[in-house]
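*Asks:* My questions will all concern the structure given below.
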Amino acid sequence: MTNIISKGSDGYYHPATEEQLQSLVAHAYDKRIPLRVRGSQHSVIQAIYTTGFDGQGAPPADTITIMLDKYRQVTITPDANDPTHALVEVEAGCNLGKNPYDPTGTSTWENSLNYLLQTGVDGNKYALSDLGGISHQTVSGFFSTGSSGGSTQYSVYDDIVRIRFIDGTGELHDVSRDAEDPRARDLFFAAGISLGLLGVISKVWLRAGPAYNIKGTQTTTATSDAPIDLFGDRPDQPSLESYLQQTQYTRLMWWPQRSFERIQVWQCERLEPAPGFVPKPYEELGTTPQINALAGSLFYTLIGNLDDIAAVPPKLDNWYRHLDGTLSGQNDSNVCTPLPSSRDRRARSVDEVLAFLQKAILQGLRAHPGLTPGSDIHTRATQLATAIKAPTLANEDSLPDWLAGLITLAIKLLLDNALSTPQAQQFASYFQTVLPGILPGLLAIFVPLEPVDAPQQFQDTWLCGLPMDNQMDDQLWPTAFTELWIPIDRATEVMQTLKTFYEGGGDATVSFERTGTFSCELYAAKNSPFWMSPSYGADVYRVDVFWFELNAADPTKTFYPPFWELLKPFTFKPHWGKDLPPPSADWLAYYKQGFPMLERFLQLRAQLDPAQIFVSDYWREHFGIEKPSAP
């Protein structure tokens, strides 16, 4: 009988050594117990855990669910012939950066891989080739799902030289990129991105290069003024494909909403470190990040639940926690390089947040084409004012100001639980009607123009600058998405197809249904030799269809399906850690067309995990894995 460590008080197992980890897997195999490993929980919940567990509370007692918070050691060995490079041994539980919501509270910048590389050895500082938009993830979780940064020139997967993992029988495998045995090399390229289905990654060895800084710009323009030929109709600008191939690191954020239609172009290049370098951090949320984040989060929570407005207050627990954090002077746990002291980071109250939101609503109302005295919008607003005992309009010239105040008052009363259910739903119904018309002007507060001739400029260290989205707090901006990777030579076709789709045939209602209220992220990835990478064998263009997770609807049933069908002719390959199309024989056949090594991967899975201790129903259904025969 295998001796294993005791379960923690949280219901997870917390191994501190490879031997303890191996014993847990061997025990699971002997007893036929389902086993999965939790990283930073940045993937779709069903992709992480055993069947039926949603990550809340303790895992089911009849499973082994592992957290690797005690297994995060990093060993840096400079190359004897070239000490500007190093071989870096990383235990699987180490985070790339700080995970601000690590449930154990043990993840820090100081014990993160990126920080330790930047600190270096004997005066030599090191770096990875690229990073994703955030750096909260564990090393093993990031690699296991095929996550990636935004570059066709650099890839962190080029840095991986060796992997050690424990298969479903408890056997330890040590595989490397340059193994002489072709079967061992195959196992390396299969295990690098394996979704936890071939085994539990124990350690990864990376070849790190010299540290570098980055310098870049961000422009925010109308799509028609972008410094890139996005749709193949502006030959005076570089084509989208050539731009992605020629730019070291880049990310585009597209706001396709009718009458708004803006594109953010973030890009940077490497700089050699130099004495006296002073970081100037990228400011994703502008010069007032706290108020922008609090107001934006509140706004999106509100508009995502207008069909059942009573659901809003219970979804604001984290929002209030962050509001209280500003009042108590807590530092932003997401920040790597501190923002300039000149930036406004004052404590905020509910009234201040509502005042900011009222300003945004007013800007939207002033641009609303249908807002005139005596219009239906005005008439229904008067009815709402009467219902909630608010002042009615006294001067028709001040209609937008009055209406912005009325909407803000209704939101405040909702937060204070001072509206009856009929009053709350009357407000929600009204706001739902007026929203499409005010959205363009309102979004402009949160996504201001940064023209090509006056872009935002930034410079930073690689570990703080490349993960540009670390500033977007996971609790204030919980975001789900489906991420589709498409051959890069079809990038312009994809944009043309999406633009036509978003336009809705000229119908404003259809267009609003298709664009939603959020953005769409666009970027690229370098080709990869790892079998299950969506960029296996070719550079790709990536389309991330975003969804605010506090919305009431299920995007896999309501929002994503039209995009999956729309882009299906482009042979997209999905990011395995994000929302996937519903499992079916048709979609499995589609994946096998796009992933030429999928069949061999599944064959290896059957050999390495014969008892299917790693196979949840989620993965079973997506990959058509038959249940094992009874022993």
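Using full-length UniProt numbering, you'd call the opening residue of the sequence shown number 1 and step up by one each time.
Glycine included, every Cβ here is placed at the ideal spot set by N, Cα and C.
Note that this is a predicted model, so its numbers are computed, not measured.
Enumerate in chain order the residues of its own chain whose CB-to-CB distance from S342 is below 6 Å, with the five nearest sequence positions on each side excluded.
*Replies:* Residue placement at S342 cannot be trusted, given a pLDDT of 44 that sits under 50; what the coordinates show is reported in the next sentence. Excluding residues within five positions, none has a Cβ falling inside 6 Å.
*Asks:* On a Cα-Cα basis, can you pick out the residue from H368, Y430 and D307 that is closest to L442?
*Replies:* H368
*Asks:* Would S519 be called buried (16 or more neighbouring beta carbons within 10 Å of its own) or exposed?
*Replies:* buried
*Asks:* Between S148 and A525, which are expected to be in contact by the criterion C-beta below 8 Å, what is the C-beta distance as a whole number of angstroms?
*Replies:* With a beta-carbon spacing of about 4 Å, S148 and A525 fall inside the 8 Å limit used to define contacts.
*Asks:* Between the C-alpha atoms of P182 and A191, what's the straight-line distance to the nearest angstrom?
*Replies:* 14 Å
*Asks:* Would you be able to state if there are at least three C-beta pairs under 8 Å between the stretch 593 to 613 and the stretch 543 to 557?
*Replies:* no
*Asks:* Leaving aside the five residues before and after R321 along the sequence, list all residues of the same chain whose C-beta is less than 8 Å from its C-beta, in chain order.
*Replies:* Q475
*Asks:* Can the beta-carbon of L580 be found closer than 8 Å to that of L484?
*Replies:* In terms of Cβ geometry, L580 and L484 do not form a close pair [threshold 8 Å].
*Asks:* Between which residues of its own chain and S349 is the CB-CB distance below 6 Å, once the five residues before and five after are set aside?
*Replies:* none
*Asks:* What is the DSSP secondary structure of K7, reduced to helix, strand or coil?
*Replies:* coil
*Asks:* Take M67 and list the residues in its own chain whose beta-carbon comes closer than 6 Å to its own, dropping the five residues that flank it on each side.
*Replies:* Y12, H14 and R38
*Asks:* Could you check what DSSP says for A274 in three-state terms: helix, strand or coil?
*Replies:* coil
*Asks:* Provide the residue span of the alpha helix (DSSP H) that contains K557, from first to last.
*Replies:* P555 to T558
*Asks:* On a Cα-Cα basis, can you pick out the residue from G150, R258, A211 and R600 that is closest to P436?
*Replies:* R258
*Asks:* Give the DSSP-derived three-state secondary structure of V312 in the structure shown.
*Replies:* coil
*Asks:* How many angstroms separate the CA atom of Q246 from the CA atom of Q267?
*Replies:* 11 Å
*Asks:* R514: buried (16+ other C-beta within 10 angstroms of its C-beta) or exposed?
*Replies:* buried
*Asks:* When the distance is taken between beta carbons, is P529 closer than 8 Å to F189?
*Replies:* yes
*Asks:* With T51 and P59 assumed to form a contact (beta carbons below 8 Å), what rounded beta-carbon distance in angstroms separates them?
*Replies:* In fact, because the Cβ distance is near 11 Å, the residues do not count as touching under 8 Å.
*Asks:* Work out the CA separation of G209 and A127 for me, nearest whole Å.
*Replies:* Using only the alpha carbons, I get a separation of about 5 Å.
*Asks:* Could you name the residues of the same chain whose beta carbon sits closer than 7 Å to that of V510, not counting the 5 residues immediately before and after it, in chain order?
*Replies:* G504
*Asks:* Per the DSSP calculation, G209 is bridged to which residue(s)?
*Replies:* A127
*Asks:* Quick one: residues in its chain with C-beta nearer than 6 Å to the C-beta of D174, no 5 flanking neighbours on either side, listed in chain order?
*Replies:* R164
*Asks:* In angstroms, rounded to a whole number, what distance separates the CA positions of R270 and L131?
*Replies:* 13 Å
*Asks:* Using three-state DSSP, classify N470 as helix, strand or coil.
*Replies:* helix
*Asks:* I need the straight-line Cα distance from T169 to I76, nearest angstrom please.
*Replies:* 31 Å
*Asks:* Expressed to the nearest angstrom, what Euclidean distance is found between the alpha-carbon atoms of V121 and P78?
*Replies:* Distance between V121 and P78, taken at the CA atoms: about 7 Å.
*Asks:* Looking at the unbroken beta strand (DSSP E) that takes in Y523, where does it start and where does it end?
*Replies:* C520 to A525 is the extent of the beta strand (DSSP E) around Y523.
*Asks:* Helix, strand or coil, according to DSSP, for S341 in the structure here?
*Replies:* Legend: pLDDT at S341 = 45, less than 50; position of this residue unreliable, value from coordinates given subsequently. In this structure, DSSP gives S341 a state outside helix and strand, which the three-state scheme calls coil.
*Asks:* Where P582 and R32 are concerned, what is the direct C-alpha to C-alpha distance, given to the nearest angstrom?
*Replies:* 28 Å
*Asks:* Keeping to the same chain, check which residues put their C-beta closer than 7 Å to that of Y243; ignore five residues upstream and five downstream.
*Replies:* I228
*Asks:* May I have a chain-ordered list of the beta strand (DSSP E) segments no shorter than 3 residues that lie completely inside the stretch 45 to 87?
*Replies:* 64 to 67 and 74 to 78
*Asks:* Are the CB atoms of R262 and G150 within a distance shorter than 8 Å?
*Replies:* no
*Asks:* Based on Cα-Cα distance, which residue from F601, L522, P373 and P273 lies nearest to E241?
*Replies:* L522
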